[in-house]
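Here's the structure we're looking at; comments come further down.
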Amino acid sequence: MSNFLIAGNWKMNCGPSEAKQLSDDLANRWPSGSFQCEVVVSPPSISIPSAVESLEDTDIKVSAQNTHTEDSGAYTGDISTPMIKDAGCTHVIVGHSERREYYGEDNDLVAEKARKVILDDLTAIVCVGEKLDQRKKGEQEKIVMDQLDAVLNKITIDQAKSLVIAYEPVWAIGTGETASPEQAQEMHLFIRNFLKERWNEQRSSEIKILYGGSMKPANAEELLSQNDVDGGLIGGASLKEESFSGIIEIAEKLS
Ligand code: 13P
Numbered sequence: 111m112s113n114f115l116i117a118g119n120w121k122m123n124c125g126p127s128e129a130k131q132l133s134d135d136l137a138n139r140w141p142s143g144s145f146q147c148e149v150v151v152s153p154p155s156i157s158i159p160s161a162v163e164s165l166e167d168t169d170i171k172v173s174a175q176n177t178h179t180e181d182s183g184a185y186t187g188d189i190s191t192p193m194i195k196d197a198g199c200t201h202v203i204v205g206h207s208e209r210r211e212y213y214g215e216d217n218d219l220v221a222e223k224a225r226k227v228i229l230d231d232l233t234a235i236v237c238v239g240e241k242l243d244q245r246k247k248g249e250q251e252k253i254v255m256d257q258l259d260a261v262l263n264k265i266t267i268d269q270a271k272s273l274v275i276a277y278e279p280v281w282a283i284g285t286g287e288t289a290s291p292e293q294a295q296e297m298h299l300f301i302r303n304f305l306k307e308r309w310n311e312q313r314s315s316e317i318k319i320l321y322g323g324s325m326k327p328a329n330a331e332e333l334l335s336q337n338d339v340d341g342g343l344i345g346g347a348s349l350k351e352e353s354f355s356g357i358i359e360i361a362e363k364l365s
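Here our numbering is used: the first residue of the sequence shown is 111, the next is one more, and so on.
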């Protein structure tokens, strides 16, 4: 299989000085050429420059956590894809459940953002996932399918080379409760098959599907060992060099 993608989502943690410290720690631990997999960190936008600078001589890439659909204009508080690129990022997280929940981002807006990210030659990490009540009602596949369908309708099979999908069941985010490896695999396979039906076998196998939701060194191995789990999108455990590195080490071992 292709290399794992291990991505840290720092959310609203680590201002510029803390981001520099954490990035310096990661840079010391992982000098250029020290891992095979792909590693990305996603600081808050104000800390992107310090992370980019500290990680300059490493293979660790930097992502934004959100973006606007326009290049510029009167959108107080927002940042755009040209700005994100100019700052040295390669990836943008789109449609995180916290954006959907607290900022009312719906499937259409998430899809527009993903399209914009990809059109501007960045990689979109598109988050999908059901809430607890939806899983209890057995609706998880329908929810994820609708979230995914909106995005796939906006991009071509060729543009899908710049698409990463993160399955993050909302009930497993920041709760300490993880999807079981079987639950993760089941949904990842569902997503893989959906991609295959839409495009083809080759493209569906190339698109990385990450798992997110309380991933940490203690459970990373069983999750990353699943057939269709191609990496992780990590919140809490990405805020400490030790735990984030612990997950990278597991991905390296399994590669
Ligand atoms: P936690 O790893 O803190 O559960 O967060 C997962 C997440 O939301 C990553 O985007």
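C-beta: ideal position from N, C-alpha, C; glycine also.
Could you check if Gln312 is buried or exposed, using at least 16 other CB atoms within 10 Å of its CB as the buried criterion? exposed
In terms of residue numbering, what span does the alpha helix (DSSP H) encompassing Ile319 cover? Not the alpha helix (DSSP H): Ile319 falls in the beta strand (DSSP E), residues Lys318 to Gly322.
With respect to the alpha helix (DSSP H) encompassing Tyr277, which residues constitute its N-terminal and C-terminal limits? Per DSSP, Tyr277 lies in no alpha helix (DSSP H) segment; the continuous beta strand (DSSP E) that holds it begins and ends at Leu273 to Tyr277.
Could you tell me whether any non-hydrogen atom of ligand 1 is closer than 7 Å to the CB of Ile283? yes
Would you report the Cα separation of Gln131 and Ile158, rounded to the nearest angstrom? 13 Å
How many Å lie between Gly205 and Ala260 at the Cα? 12 Å
Do Glu148 and Asn176 have their CB atoms nearer than 8 Å? No, the pair does not count as a contact, with Cβ atoms beyond the cut-off.
Straight-line Cα distance separating Asn329 from Ala361: 12 Å
Ser173: first and last residue of the uninterrupted alpha helix (DSSP H) it sits in: Run containing Ser173: none in the alpha helix (DSSP H); it sits in the beta strand (DSSP E), Lys171 to Ala174.
Figure out for me which residue from Ile357, Glu351 and Glu332 has the closest Cα to the Cα of Leu343. Ile357
Would the C-beta of Ser324 count as close to ligand 1, meaning under 7 Å from any of its heavy atoms? Distances between the C-beta of Ser324 and the heavy atoms of ligand 1 include at least one below 7 Å.
Cβ pair Gln250, Gln244 closer than 8 Å: yes
How about Ala347: is its Cβ closer than 7 Å to a heavy atom in ligand 1? yes
Cβ neighbours of Ser314 in the same chain (closer than 6 Å, five flanking residues each side left out): Arg302, Leu305 and Lys306
Is the CB-CB distance between Ala161 and Ser133 below 8 Å? yes
Using only the heavy atoms of ligand 1, determine whether one of them is closer than 7 Å to the beta carbon of Ile358. Taking non-hydrogen atoms of ligand 1 into account, the C-beta of Ile358 is found less than 7 Å away from none of them.
Using 8 Å as the cut-off, can you tell me whether the region 213–224 makes contact with the region 193–201, which would need three or more C-beta pairs spanning the two stretches below that distance? Two segments are said to touch when three or more pairs of C-beta atoms, one from each, lie closer than 8 Å; by this definition the region 213–224 does not touch the region 193–201.
Candidates Met325, Pro154 and Ser324: closest to Ile189 by CA position: Pro154
So, are the CB atoms of Ile203 and Asn123 less than 8 Å apart? no
Does DSSP put Gly342 in a helix, a strand or coil? strand
Tell me, which residues are paired with Leu115 by DSSP? Glu148 and Gly341
Using CA atoms only, rank isn't needed, just tell me which of Val254, Ser142, Val227 and Ala129 is closest to Leu299. Val254
Looking at the strands, I want to know which residues DSSP matches up with His201. Ser173 and Thr233
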